[in-house]
Amino acid sequence: MSGLPAARRTVLKGAALAGAAGLGAAACSTDSKLGHAKTPTPTAPVELGSPDEVPVGGAKLYREQRVVVSCPAKGRYKAFSAQCTHAGCVLDKVEGNEGNCPCHGSRFDVTTGEALHGPATVPLPSVPVKVEGGRLVAGPDA
Ligand code: FES
25 MSGLPAARRT VLKGAALAGA AGLGAAACST DSKLGHAKTP TPTAPVELGS PDEVPVGGAK
85 LYREQRVVVS CPAKGRYKAF SAQCTHAGCV LDKVEGNEGN CPCHGSRFDV TTGEALHGPA
145 TVPLPSVPVK VEGGRLVAGP DA
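Taking our numbering, the leading residue of the sequence shown gets 25, the next gets one more, and so forth.
If you want it as structure tokens, here you go:
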């Protein structure tokens, strides 16, 4: 019956290992008020109104529908997503045939979708478009 404190060393060793764990990763939020959306193009056909609103040789931005439509020649239309390929903001205006992203200044050729000025480098995705019953319709199956 000596009464020696033999267990004391073992307890101190365990405490040194406890600090190594517990670093958590913060999730990155993509939620924003800038018009971000889960899909960059309409998932169902959207009616855009009269085709006459798109000037021949020019383009019109449909910001709410996230589509930009250009008219290279009378009766011919091309449409692209209006959601910037950099971080997902919706273009805010079209000047000439250049679409402007208000978030970081990217510019796109709205007749081809090509990124003209960064930080975006990926072109705007094209969207099917047609005239149906005297109205412009863009989106899948259009
Ligand atoms: S989201 Fe358009 S330039 Fe960054």
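Every residue gets a Cβ at the ideal spot worked out from N, C-alpha and C, and that includes glycine.
- Per the coordinates, the alpha-carbon of residue 138 lies some 15 Å from the alpha-carbon of residue 91.
- Excluding the 5 residues flanking it on each side, residue 75 has same chain C-beta neighbours closer than 6 Å at 155 and 160, in chain order.
- In terms of side-chain proximity, the C-beta atom of residue 152 is found no nearer than 7 Å to any non-hydrogen atom of the ligand FES.
- At the C-beta level, residue 114 and residue 131 stay beyond 8 Å of one another.
- Of the candidates 127, 77 and 69, the residue whose Cα lies closest to the Cα of residue 98 is 77.
- Here the distance from the Cβ of residue 123 to the nearest heavy atom of the ligand FES is not below 7 Å.
- Classified as buried, residue 94 has 16 or more neighbouring CB atoms from the shown chains inside 10 Å of its CB.
- Per DSSP, residue 76 lies in no beta strand (DSSP E) segment and is marked neither H nor E.
- Within the region 124–161, the complete beta strand (DSSP E) segments of 3 residues or longer fall at 131–133, 139–141 and 153–156, listed in chain order.
- Here the alpha carbon of residue 141 sits roughly 35 Å from the alpha carbon of residue 158.
- Contact between residue 102 and residue 153 holds, with the beta-carbon distance rounding to 7 Å and staying under 8 Å.
- Of the residues 134, 127, 67 and 143, the one whose Cα lies closest to the Cα of residue 85 is 134.
- Sorting 165, 143, 100 and 151 by C-alpha distance to the C-alpha of residue 108 places 143 at the top.
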